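Participant: Sharing a structure below in structure tokens format, with a few things to ask.
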Amino acid sequence: MHQILFFMQTMTQVQSNTNTDAFPILGTDFLEFYVGNAKQTAHYYQTAFGFELIAYRGPETGCKDFCSYVLKQDKIRFVITSALTPDNEIAKHHLLHGDGVKVLALWVEDVRKSYQTALERGAESAFEPYTLSDEHGEVVLAGIKTYGDTIHTLVERKNYSGPFMPGFMAKKSLMKIHPVGLQYVDHCVGNVDLGDMNRWVKFYQEVLGFKLLITFDDKDISTEYTALMSKVVSNGNGYIKFPINEPAKGKKKSQIEEFIEFYKGAGVQHIAVHTDNIIETVGKLRENGVDFLYVPDNYYDTVTERVGAIQEDLEVIKKLNILVDRDEDGYLLQLFTKPVQDRPTVFFEIIQRRGAKSFGKGNFKALFEAIEREQELRGNL
Ligand code: FE2
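Dropping the structure here:
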């Protein structure tokens with residue numbers, strides 16, 4: 000693991016030229032997963048990840064073709080959706096992509112205005128604005144397309160006080176929920192095809208007014224076998240961060256290529272969720288049976304040299320197999336789950352920032368070697 004010490008520090012920090020926010024976004028509204036069995040997936044996020052069931056729609060609410068479970072933990076909302084009939088768009092999406100993230104929903108002040116702005120700047124419509132209303136008020140929605148079959152739903156909810164949105168009924172978990180301390184979505188990473196990264200970075204810059212935050216090239220992110228390139232874009236207030244990865248040529252098949260092969264195209268690779276106590280969070284997740292990537296013990300031989308002193312007990316960090324990295328603003332602790340469905344596609348990152356604003360570049364090598372061990376086991380390296 001000595002390579003980590005000599006890992007080239009070639010990160011390009013691109014300064015933002017902020018004037019006004021061209022596309023104001025208040026935050027992440029929800030993430031919607033299309034899965035094969037929403038009932039059981041929702042159970043998994045409740046028991047393993049400590050999410051609380053808050054709302055539901057399905058045949059009981061007049062929705063005949065699909066059903067959705069809405070789960071919440073602190074500021075994070077997941078919508079888990081499955082088709083009930085074989086001919087609809089959800090069923091087709093699931094047949095092609097398997098379980099995965101369909102919607103990265105963005106919370107905005109005025110959906111019609113945001114949608115109009117996005118279209119004028121070159122966005123492709125996923126669906127036109129419409130208003131849903133019930134006794135709790137109204138929600139306005141519109142959709143624009145991003146990479147692969149993924150979309151951004153724009154959500155305006157300033158005139159709504161219900162559990163989620165009209166069409167959903169309040170529904171509670173059947174078991175006692177034990178939250179694990181997940182607080183908010185830190186970043187969502189997209190994997191795109193070779194040669195497409197710059198196109199999507201440009202889309203976020205030109206259409207949604209994002210700024211380029213960081214560029215990693217294949218010299219930053221490569222192992223003996225695989226390489227990738229990544230650019231991170233962030234919106235005006237910095238609440239939304241979207242790293243975009245594309246594969247780079249390596250000796251063997253990169254993890255990005257494996258994702259694209261199994262997801263059948265570009266899509267969301269991982270969702271990073273923040274905790275302010277990663278030791279407690281990861282401890283609970285492990286007790287709940289969440290499967291994490293394994294990093295060998297020798298990773299910790301050089302960790303103090305690399306990151307300096309940290310507040311946490313290094314023995315506990317080592318026992319829980321948590322990764323540590325430092326940048327000029329502070330340090331961060333992070334850990335990655337294995338894919339959360341059968342296909343080697345979407346996974347989660349658990350992250351605690353202690354000042355650091357970066358993405359754990361110093362861990363990339365150890366992390367990718369861990370992913371490659373898994374790829375090898377699947378016969379996909
Ligand atoms: Fe990440």
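Per numbering that gives the first Met the number 0: the sequence shown = residues 0 to 380.
Even for Gly, the Cβ is constructed at its ideal location relative to N, Cα and C.
Keep in mind it's a predicted model, so treat the numbers as computed, not measured.
1) Please check the pair isoleucine 349 and leucine 366, which I expect to be a contact at CB under 8 Å, by giving their CB distance rounded to whole angstroms.
2) Are there any heavy atoms of the ligand FE2 lying less than 8 Å away from the beta-carbon of glutamine 182, as far as the coordinates show?
3) Can you give me the C-alpha to C-alpha distance between phenylalanine 291 and lysine 337, rounded to a whole angstrom?
4) How would you call isoleucine 143, buried or exposed, if buried means at least 16 neighbouring beta carbons within 10 angstroms?
5) So if DSSP puts asparagine 244 in a beta bridge, which residue, or which two residues, is it bridged to?
6) Would DSSP call leucine 292 helix, strand or coil?
7) Would you tell me roughly how many angstroms separate the C-alpha atoms of glutamate 371 and threonine 344, rounded to the nearest one?
8) Given a threshold of 16 other Cβ atoms within 10 Å of its Cβ, counted over all protein chains shown, does glycine 378 qualify as buried or as exposed?
9) Please state if the CB of lysine 230 and the CB of isoleucine 239 are separated by a distance shorter than 9 Å.
10) Just tell me which of Glu327, Leu131, Gly329 and Asp296 has its CA closest to the CA of leucine 313.
11) Under 6 Å Cβ to Cβ from leucine 284, same chain only, skipping five residues before and after it: list those, please.
12) Which ranges does the beta strand (DSSP E) cover as unbroken runs of at least 3 residues, wholly within the region 156-214, from first to last along the chain?
13) Going by the beta-carbon positions, is the gap between glutamate 59 and alanine 104 smaller than 9 Å?
14) Can you tell me which residues form a DSSP beta bridge with threonine 80?
15) Do three or more CB pairs link the region 142-157 to the region 187-197 at distances below 8 Å?
16) Is any heavy atom in the ligand FE2 found nearer than 8 Å to the beta carbon of histidine 269?
17) Within 10 angstroms of the Cβ of glutamate 245, are there 16 or more other Cβ atoms? Answer buried if so, exposed if not.
18) I need the straight-line Cα distance from methionine 0 to glutamate 304, nearest angstrom please.
19) State buried or exposed for methionine 7, treating a residue as buried only when at least 16 other CB atoms are found within 10 Å of its CB.
20) Can you tell which of Asn234, Asp275 and Glu223 has the C-alpha that lies nearest to the C-alpha of serine 253?
21) Which value, in whole angstroms, describes the spacing of the CA atoms of glycine 57 and aspartate 64?
22) So, do the region 315-335 and the region 356-366 have three or more beta carbon pairs nearer to each other than 8 Å?
23) Could you name the residues of the same chain whose beta carbon sits closer than 6 Å to that of alanine 356, not counting the 5 residues immediately before and after it, in chain order?
24) Do you know offhand how far alanine 369's Cα is from tyrosine 68's?
25) Is the region 159-179 close to the region 44-55, with three or more CB pairs under 8 Å?
26) With a CB to CB cut of under 7 Å and the five nearest residues on each side skipped, what residues in its chain are close to alanine 37?
Facilitator: Let me lay it out:
1) Here residue 349 corresponds to residue number 350 of the sequence shown, with the count starting at 1. Here residue 366 corresponds to residue number 367 of the sequence shown, with the count starting at 1. Distance from isoleucine 349 to leucine 366 at the Cβ level is roughly 13 Å; contact not present, criterion being Cβ atoms closer than 8 Å.
2) In the sequence shown, the residue the question calls residue 182 occupies position 183. Relative to the ligand FE2, glutamine 182 has its C-beta separated by 8 Å or more from all heavy atoms.
3) Numbered from 1 along the sequence shown, position 292 holds the residue referred to as residue 291. Numbered from 1 along the sequence shown, position 338 holds the residue referred to as residue 337. Straight-line measurement puts the Cα of lysine 337 at about 5 Å from the Cα of phenylalanine 291.
4) The residue given as residue 143 occupies position 144 in the sequence shown. Looking at its Cβ environment, which holds 16 or more other Cβ atoms inside 10 Å, isoleucine 143 is buried.
5) Position 245 of the sequence shown, counted from the first residue, corresponds to residue 244. Asparagine 244 is bridged by DSSP to Asn190 and Ser229.
6) Translated into the one-based positions of the sequence shown, residue 292 becomes position 293. Residue state, collapsed to three classes: coil.
7) As a first step, residue 371 is located in the sequence shown; it is residue number 372 there, counting from the start. As a first step, residue 344 is located in the sequence shown; it is residue number 345 there, counting from the start. Each residue's Cα considered, the two are about 14 Å apart.
8) Translated into positions along the sequence shown, residue 378 becomes position 379. By the neighbour-count rule (16 or more Cβ atoms within 10 Å), glycine 378 is not buried but exposed.
9) Locating residue 239 in the sequence shown gives position 240, counting from the first residue. Locating residue 230 in the sequence shown gives position 231, counting from the first residue. Not in contact: isoleucine 239 and lysine 230 (Cβ atoms no closer than 9 Å).
10) As a position in the sequence shown, residue 313 is number 314, starting the count at 1. Here the closest residue by C-alpha is Asp296.
11) Taking the first residue of the sequence shown as 1, we reach residue 284 at position 285. Excluding residues up to 5 positions away in sequence, Val179 lie with their Cβ nearer than 6 Å to the Cβ of leucine 284 in the same chain.
12) The region 156-214 contains these whole beta strand (DSSP E) runs: 183-190.
13) Position 60 of the sequence shown, counting from 1, holds the residue named residue 59. Position 105 of the sequence shown, counting from 1, holds the residue named residue 104. Inclusion of glutamate 59 and alanine 104 in the CB contact set at 9 Å is not warranted, their separation being larger than that value.
14) Position 81 of the sequence shown holds residue 80. For threonine 80, which the question treats as bridged, DSSP gives the partners Tyr33 and Ser67.
15) Taking 8 Å as the limit for Cβ pairs, the verdict is that the region 187-197 does touch the region 142-157.
16) Taking the first residue of the sequence shown as position 1, residue 269 is located at position 270. In this structure, histidine 269 has its CB closer than 8 Å to one or more heavy atoms of the ligand FE2.
17) If you number the sequence shown from 1, residue 245 lands on position 246. Label assigned to glutamate 245: buried.
18) Stepping through the sequence shown from its first residue, residue 0 is reached at position 1. Stepping through the sequence shown from its first residue, residue 304 is reached at position 305. Note that methionine 0 scores 32 on pLDDT, short of 50, meaning its location in the model is unreliable; the coordinates nonetheless yield the value given after this. Approximately 12 Å, taken between the alpha carbons.
19) Sequence index remark: in the sequence shown, residue 7 carries index 8 (1-based). Residue placement at methionine 7 is flagged as unreliable, the pLDDT there being 32, under the threshold of 50; a coordinate-derived value is accordingly withheld.
20) Translated into positions along the sequence shown, residue 253 becomes position 254. The shortest C-alpha separation from serine 253 is found at Glu223.
21) Here residue 57 corresponds to residue number 58 of the sequence shown, with the count starting at 1. Here residue 64 corresponds to residue number 65 of the sequence shown, with the count starting at 1. Each residue's alpha carbon lies about 8 Å from the other.
22) Verdict: yes, contact present.
23) In the sequence shown, residue 356 corresponds to position 357, counting from 1. In the sequence as displayed, the identity of residue 356 is lysine instead of alanine. These residues qualify, in order along the chain: Asp328.
24) Translated into positions along the sequence shown, residue 369 becomes position 370. Translated into positions along the sequence shown, residue 68 becomes position 69. The straight-line gap separating the alpha-carbon atoms of alanine 369 and tyrosine 68 is approximately 33 Å.
25) Remark: three or more beta-carbon pairs, one from each stretch, lie closer than 8 Å, so the region 159-179 and the region 44-55 are flagged as touching.
26) For the purposes of this step, residue 37 is taken as residue 38 along the sequence shown, with counting starting at 1. Contacts found: Cys66, Ser67, Tyr68, Ile79, Thr80 and Ser81.
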